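So the structure is just underneath, and the comments pick up after that.
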Amino acid sequence: GENVEQHPSTLSVQEGDSAVIKCTYSDSASNYFPWYKQELGKRPQLIIDIRSNVGEKKDQRIAVTLNKTAKHFSLHITETQPEDSAVYFCAASKTGNQFYFGTGTSLTVIP
Amino acid sequence: DSGVTQTPKHLITATGQRVTLRCSPRSGDLSVYWYQQSLDQGLQFLIQYYNGEERAKGNILERFSAQQFPDLHSELNLSSLELGDSALYFCASSASGRFEKLFFGSGTQLSVL
C-alpha cells in the first residue's frame, strides 16, 4: 500500500513568518494530494488539494507544490497568523480511493 | 457541521468486549471511509465503502469489520478489544469517492480499559 511520510512533526513560527510542511509518497500511481487542517478537538477539514497534472496551486496565503518525479509535495503558508495553529495532515490518493494520510505536523504560530 | 453524523461520541468498554460504531454520511454521499486516529500514528486508513460495496481496505485488523447498508449508513464493528484499540475513530464521506474532499464526522472516542 501507499506510504506517506510527513515532516516536521512539530513546527513553531513567529506570527507573520512562513511555514513549510513536506510530504513524500511511495506509490507512483497516486494522483490526488489533499491537505487537511485539524484544530484541537475538532474534525479534519480540507484546506487545499492538488492533482498530479498540476505542479502548483495557490489559495490566498496557502500554496501547495508537487514534484511527481521526486514523489514529494509541500504545503506553504505565508504571513502566518495565530489561527493557523493546528495539526496539518497531508494525504495521497489514487483517484479518490484509499486516502493515506501522513502522521501530521503540529504547527504553532507564536504571536 | 460537516453533515456526517457519528454515534456514539464517547465509548468506554473493557478488554475482550465488542462495540459497534455508527456513521451516517452526508445526504447524497455514496462513499464512506473509516479512519483510526491515535496520538502517535496520525490518521490510519481502515476501510472504504462505495454504495454498499467494499472499495478499498487499508490497515484494518481481522478483529475489525465494517459494512455499508442500503440506506448508506455504515457501521464499524470492533471485537476482542485490546487496550491498544483505544483511539479516536473517524468516519468520512464523499459524493463519489473520486478527487473529492472528504467530509469528516466528529469522531467516536473509544476507551478500552
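So the sequences go chain by chain: S and C. Residues in the first sequence are numbered from 1 upward in steps of one, following the working numbering. Residues in the second sequence are numbered from 1001 upward in steps of one, following the working numbering. Cβ atoms here follow ideal geometry from the backbone N, Cα and C, with glycine treated the same way. Since we're looking at a predicted model, the values are computed, not measured.
**Request:** Starting from the C-beta of Glu1082(C), find all residues in its chain whose C-beta is less than 7 Å away, skip the five residues before and the five after it, and write them out in chain order.
**Result:** Thr1015 and Val1112
**Prompt:** Does the beta-carbon distance from Thr65(S) to Ser74(S) come in below 8 Å?
**Reply:** yes
**Request:** Determine the direct distance from the alpha carbon of Thr78(S) to that of Asp17(S), and round the result to whole angstroms.
**Result:** 6 Å
**Asked** What's the C-alpha gap between Gln1068(C) and Glu83(S)?
**Response** 37 Å
**For Cys1005(C), the first and last residue of its enclosing beta strand (DSSP E)** = Correcting the residue identity first, residue 1005(C) is Thr in this sequence and not Cys. From DSSP, the beta strand (DSSP E) with Thr1005(C) extends over Thr1005 to Thr1007.
**Prompt:** Can you tell which of Leu1046(C), Gln1036(C) and Ala1092(C) has its C-alpha closest to the C-alpha of Gln45(S)?
**Reply:** Ala1092(C)
**Message:** Under 7 Å, CB to CB, which of the residues in the segment 91 to 105 of chain S have a partner in chain C?
**Reply:** Thr95, Gly96, Asn97, Gln98, Phe99, Tyr100, Phe101, Gly102, Thr103 and Gly104
**Request:** With DSSP as the reference, please indicate the residues paired to Arg51(S) in a beta bridge.
**Result:** Tyr32(S)
**Prompt:** With contact counted as at least three CB pairs below 8 Å, one residue from each stretch, are the segment 1023 to 1033 of chain C and the segment 1041 to 1060 of chain C in contact?
**Reply:** yes
**Request:** Report the residue from Asp27(S), Asp49(S), Lys42(S) and Ser28(S) whose alpha carbon sits nearest the alpha carbon of Trp35(S).
**Result:** Asp49(S)
**Message:** So if I threshold CB-CB distances at 8 Å, which residues from the segment 14 to 33 of chain S count as touching chain C?
**Reply:** Tyr32
**Prompt:** Would you call the CB atoms of Ala86(S) and Lys22(S) closer than 8 Å?
**Reply:** no
**Message:** Looking only at its chain, what residues have a beta carbon closer than 7 Å to the beta carbon of Arg61(S), apart from the 5 residues adjacent to it on each side?
**Reply:** Ile77, Thr78 and Glu79
**Item:** chain C residues whose Cβ lies nearer than 7 Å to that of Gly1(S)
**Value:** Gly1058
**Message:** Between which two residues does the beta strand (DSSP E) holding Thr69(S) run?
**Reply:** It is not in any beta strand (DSSP E) - Thr69(S) carries neither H nor E in the DSSP assignment.
**Asked** What distance in whole Å lies between the Cβ atoms of Phe1104(C) and Ser1002(C), which are believed to be in contact at a cut-off of 8 Å?
**Response** 6 Å
**Item:** Separation of Leu1088(C) from Thr103(S), as counted between CA atoms
**Value:** 14 Å
**Request:** Measure the alpha-carbon distance for Lys1057(C) versus Gln14(S) and round it to whole angstroms.
**Result:** 41 Å
**Request:** Specify the secondary structure class of Gly1105(C) as computed by DSSP and reduced to three states.
**Result:** coil
**Request:** Give a yes or no on whether the C-beta atoms belonging to Thr108(S) and Tyr88(S) are separated by under 8 Å.
**Result:** no
**Message:** Starting from Phe172(S), trace the beta strand (DSSP E) in both directions and tell me its first and last residue.
**Reply:** Examination of residue 172(S) is not possible in this model, given that chain S is present from 1 through 111 alone.
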